[in-house]
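> Chains as they are written, first to last, in the working numbering: chain A, 17 to 168; chain B, 65 to 498. Built from N, CA and C at the ideal position, the CB exists for glycine as well. Keep in mind the model is a prediction, meaning the values are calculated, not measured.
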Amino acid sequence: MKRIQAREDVCMACRLCEVNCLIEHSRSRDPVKAYKKETPRAMPRLRVDEKSSVSFATLCRHCEQPVCVYSCITGAMGKDPVIGVVSVNQDRCVGCWTCVMVCPFGAILPDALRGKAIKCDLCVHRQTPACVENCPNRALMVVEEKVAVPAH
Amino acid sequence: MIETKYLIIGNSAGGIGAAEAIREVDRVGRVTIVSDEPYPVYSRPLISKYLAGKTTFESIMYRTADFYDKNDITVLLGRRINVLGISRHRAEMEDGEDIRWEKALIAVGGKPIVPRVRGLKKKGVSSFVTFDDAKRIEGLIDSKQRAVVIGGGLIGISATEALSKRGIKVTVVEMKDRVLNTILDETGSRLVDDVIRKAGVEVFCGRTVAQVVGQPTKSNQVGAVILDSGVQLPCDLVVVAIGVVPRLELATGTSIEVNRGVLVDRHMATSVPDVYACGDVAEAYDFVYGANRVVPVWPTAYIGGRVAGYNMAGRKMEYDGGTAMNSLSYFGVPVISAGLVAAPEGQGYEVLSRLNGARYRKLVLKDNRIVGMVFVNDIERAGIVFGLMKDAVDISAFKEAFADDDFSLASLPASLRAGRRETPGWSLFRPVVQ
C-alpha cells in the first residue's frame, strides 16, 4: 500500500505542500485562479503542524483498519479494497465530523464552509502526489511498504 | 426451512459490520441477515436529517442498493425472529419459518424507553429511533404547530432541531438539570442550551411530564402535556426521547449471560458457543472504564460488529474495546465528546479546560491519562486527544500543550510525535496469536 510519509527533520514549514495540494484540488488547477477566482476557495487536504521549530505535514495514513471508515455514520467514507486509498464521497458526507473525532492523527479536516470532511486522496490521478513532487526539501516521501517503526 | 452458515439478526451498523468482515474472510459461506424493519440498511442517526426535510430515504441509506447482492447476502426484511434456538442451532421466525444456523449474531439494537406517563397511547405521540418513527412524525406534522419533546438527550435534541427546521414550535422537557447531560459537562450543556433557546426552542429542565392529555373535542388526540409542576403546555405532537435500552428478548430466558446488555468478551462472543452480540444490545469492553458497558453509539456498533464477524468466520480477533463517543452538530454548533465527560468528585480526577468565547475544550484525566473529552465549537484536533485517550498515553510531560490555540501532533513530545507521524496506521482490534 502506498502512503505519504512526512519527515520533520527537514521540514521548514514553508507550506508549499498545502499550496500545491490546494491547487491540485481546485477546479482550474491554476495557481492564480485557484487562489483569486474560485469561490469558495479549494482547501488543502493536508496541514502543516507547527510548534516552535518542529514542523511536518499531517496527512492521512490510509490505515489498514480505517477507524474513520468504520465510524462514518453515513457510509460516505470507504477504503478501496484494491489500492487501499481511504476516501470521502462528498455527496454522502453530512459534515457530522465523526471521522474528525476518531482520527488519532487529526488528518481529516472539517471544511466548515461546505460542511464536508476532506482528506488526502493520495492524488491517485497523478504519478506522484502534488505535495511530494513540490516539496523543496523532500520532507514528504511516497513509501510503498509498511515502515517498521516503534509503536510509540 | 432456511439453512445458513451465518445468521445476523439486525440490519444496522453492527450487523453490516459483521457481514462485511465475514465476507473478507469467507467468500462462500451463506450469510443471512434478518430484520424486523422493512428497509435496506440506513443510517439511524440521519433520521433527523430526513425529518428536517432536507433529504430522502435514498440519501440516508448506509450502503448502496446493490450491497446485499454484491456481497451475496440473503436479507430477510420485515421478518422477526422470536426464538434463537441455541441448543439446536435453529431459530424460529414469527411467521413460522425456521432458520438453521452455524454461527449467530445478535445485533438487534436498542428499543426506546417508555416512561410511565398517562396518555402516551394517544395519537400524536411517537418515539424517534427508527425510520418508521421519522415517517410517522412526518405524517403527523403537516398541520401541527407545537410539539413537546420529552427528554433533552441526544435523540431529543436531534428531534427538536429537525422539528424546529420544519417550523414547529418545540418545548423540551428534561428531567435532569440540563440538556445533553450524559454526553456533555455543565459548560458544554450551557453552550448548546444557549443556541437551542436562541433558535426559539423552549426548555424546561428539572421537570418531568406528569400526563399527556387529549384535545377537548378529540380525547384520543394529543392536546397538551402537563408537567409535574402543574404547568400545562398545549401541543399537538409529543416525541418521547428518554433513551434506549438493549433489546434483550432473544437472550432472556436462555443460557446467554445478560447484565444490562448481552455480555460479550473481547471477541464479541456471548457466554454461549457460536453466539455473538454487538452494538446497542451488547455490553462489551469499554477501554475508559476498563469494564464492560452498554455503549449505544454507531462507531462502536460497527467496529464491534466487525470483530464479531471476523471471529464468526474463524479469523480470531481481539477487540481493544470502545467507549461512549459522539460527534454532533446542533443548530450549527459542532460538539464532540467521548469517555467520561464529567469527572466524579473526590476520586483523584483532574480537569484541563479552556473556554474562549463559545469555543470550549476539556480533558478529564485520571493518573495523567485522558479518560474523557469535550469539545464545542473547536473540534478540529479532537481526534488527536481521542487517540491519546484510547492508547492510554501518560500526558504528564505535556499537559500545557492542550491549551494552545494551535495544539496539534507537533505539540507532542518527540518520542510520541515520531510514532504518530510515521506509523502506518492505527489499530482497533488485533489478531490473536495462537
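Assuming A116 of chain B and R230 of chain B are in contact, meaning their beta carbons sit under 8 Å apart, how far apart are those beta carbons, in whole angstroms?
Yes, A116 of chain B and R230 of chain B are in contact; Cβ-Cβ is about 7 Å, under 8 Å.
> With distance defined between alpha-carbon atoms, name the residue in B:G403, B:K430, B:R425, B:V303 nearest to S228 of chain B.
Minimum Cα distance to S228 of chain B is reached at B:V303.
> Could you check what DSSP says for S123 of chain B in three-state terms: helix, strand or coil?
The answer is helix: DSSP assigns S123 of chain B an H, G or I state.
> Measure how close the beta-carbons of G122 of chain A and I80 of chain B come, nearest whole angstrom, since I'm counting them as under 8 Å.
About 27 Å; that fails the 8 Å criterion.
> Specify the secondary structure class of S107 of chain B as computed by DSSP and reduced to three states.
DSSP places S107 of chain B in coil when its eight states are reduced to three.
> V273 of chain B and P179 of chain B - do their beta-carbons sit closer together than 9 Å?
Yes, Cβ-Cβ distance for P179 of chain B and V273 of chain B is below 9 Å.
> Check for me: the alpha helix (DSSP H) holding E66 of chain A runs from which residue to which?
Element bounds for E66 of chain A: not the alpha helix (DSSP H) but the beta strand (DSSP E), 63-67.
> With DSSP collapsed to three states, give me the class of T251 of chain B.
Three-state result, T251 of chain B: helix.
> For D473 of chain B and T74 of chain A, which I take to be in contact (beta-carbon distance under 8 Å), what is that distance rounded to the nearest angstrom?
Here residue 473 of chain B turns out to be Leu, not Asp, going by the sequence shown. 6 Å between Cβ atoms; contact.
> How is M453 of chain B classed by DSSP in three states: helix, strand or coil?
Correct three-state label for M453 of chain B: helix.
> Which ranges would you report for the beta strand (DSSP E) in the stretch 140-183 of chain B if only whole runs of at least 3 residues count?
As far as the stretch 140-183 of chain B is concerned, its whole beta strand (DSSP E) runs of at least 3 residues are 145-147, 154-157, 162-170, 174-176.
> Helix or strand or just coil, what does DSSP make of S319 of chain B?
Here S319 of chain B sits in coil by DSSP.
> What did DSSP end up calling R210 of chain B once you bin it into helix, strand or coil?
Note: R210 of chain B maps to strand in three-state DSSP.
> Buried or exposed: which applies to T128 of chain B, given that a residue is buried once 16 or more other Cβ atoms fall within 10 Å of its Cβ?
T128 of chain B is exposed by the Cβ-count criterion.
> Tell me which residues share the same chain as A167 of chain A and place their Cβ nearer than 8 Å to its Cβ, disregarding the 5 neighbours each side in the sequence.
Only weak support is given to the placement of A167 of chain A: the predicted model assigns it a pLDDT of 38, under 50, and the value that follows is read from those uncertain coordinates. Correct list: empty, nothing qualifies.
> For a contact defined as C-beta to C-beta under 8 Å, what are the partners of V116 of chain A on chain B?
Going along chain B in sequence order, the residues near V116 of chain A (Cβ under 8 Å) are S391, I400, I443, E444, A446, G447.
> Exposed or buried, Q285 of chain B, counting other C-beta atoms within 10 Å across all chains shown (16 or more means buried)?
So Q285 of chain B ends up on the exposed side.
> For Y51 of chain A, which three-state DSSP category applies?
Helix at Y51 of chain A.
> Where G354 of chain B and H331 of chain B are concerned, what is the direct C-alpha to C-alpha distance, given to the nearest angstrom?
Each residue's alpha carbon lies about 16 Å from the other.
> Looking only at its chain, what residues have a beta carbon closer than 8 Å to the beta carbon of I124 of chain B, apart from the 5 residues adjacent to it on each side?
Y106, S107, L110, I111, K113, Y114, F195, listed in sequence order.
> Using a 10 Å radius around the Cβ and a threshold of 16 neighbouring Cβ atoms, would you call Q21 of chain A buried or exposed?
By the neighbour-count rule (16 or more Cβ atoms within 10 Å), Q21 of chain A is buried.
> Where does the unbroken beta strand (DSSP E) through A426 of chain B begin, and where does it stop?
Checking the sequence, you will find Lys at residue 426 of chain B rather than Ala. Per DSSP, K426 of chain B belongs to the beta strand (DSSP E) from 423-430.
> Mind checking who T96 of chain B pairs with in its DSSP beta bridge?
T96 of chain B pairs with B:L71, B:T138.
> Is the Cβ of H78 of chain A closer than 9 Å to any Cβ of chain B?
It does; some Cβ of chain B falls within 9 Å.
> Can you grab the Cα-Cα spacing for the pair D431 of chain B / S460 of chain B, in whole Å?
Going by the C-alpha atoms only, they are around 9 Å apart.
> Between E225 of chain B and chain A, is the shortest Cβ-Cβ distance under 9 Å, so that the two count as touching?
By this cut-off, E225 of chain B is not an interface position.
> Which residues in the same chain as D159 of chain B place their Cβ atom closer than 7 Å to its Cβ, once the five residues preceding and following it in sequence are excluded?
Within the same chain, D159 of chain B has close Cβ partners R143.
> Roughly how many angstroms lie between the CA atoms of C37 of chain A and E66 of chain A, to the nearest whole one?
C37 of chain A and E66 of chain A: Cα-Cα distance of roughly 18 Å.
> At a cut of 8 Å, does the stretch 160-177 of chain B reach the stretch 69-79 of chain B through at least three beta carbon pairs?
A contact exists between the stretch 160-177 of chain B and the stretch 69-79 of chain B.
> Could you tell me how far apart the beta carbons of A402 of chain B and M93 of chain A are, in whole angstroms, since I believe they sit closer than 8 Å?
No, A402 of chain B and M93 of chain A are not in contact; Cβ-Cβ is about 19 Å, not under 8 Å.
> What number of angstroms, rounded off, separates the C-alpha of E84 of chain B from the C-alpha of G373 of chain B?
Taking the straight line from one Cα to the other gives about 8 Å.
> Just to confirm, is the Cβ distance from V101 of chain A to L492 of chain B under 9 Å?
No, they are not a contact pair.
> Please list, in chain order, the chain B residues whose beta carbon lies closer than 7 Å to that of D65 of chain A.
In chain order: S472, L473, A474.
> Using a Cβ-Cβ cutoff of less than 7 Å, which residues in the same chain neighbour V277 of chain B once the five nearest sequence positions on both sides are dropped?
Within the same chain, V277 of chain B has close Cβ partners G183, G287, A288, I290.
> What did DSSP end up calling M117 of chain A once you bin it into helix, strand or coil?
M117 of chain A: helix per DSSP, three-state reduction.
> Chain A beta carbons: is any one of them nearer than 9 Å to that of L314 of chain B?
L314 of chain B does not count as touching chain A.
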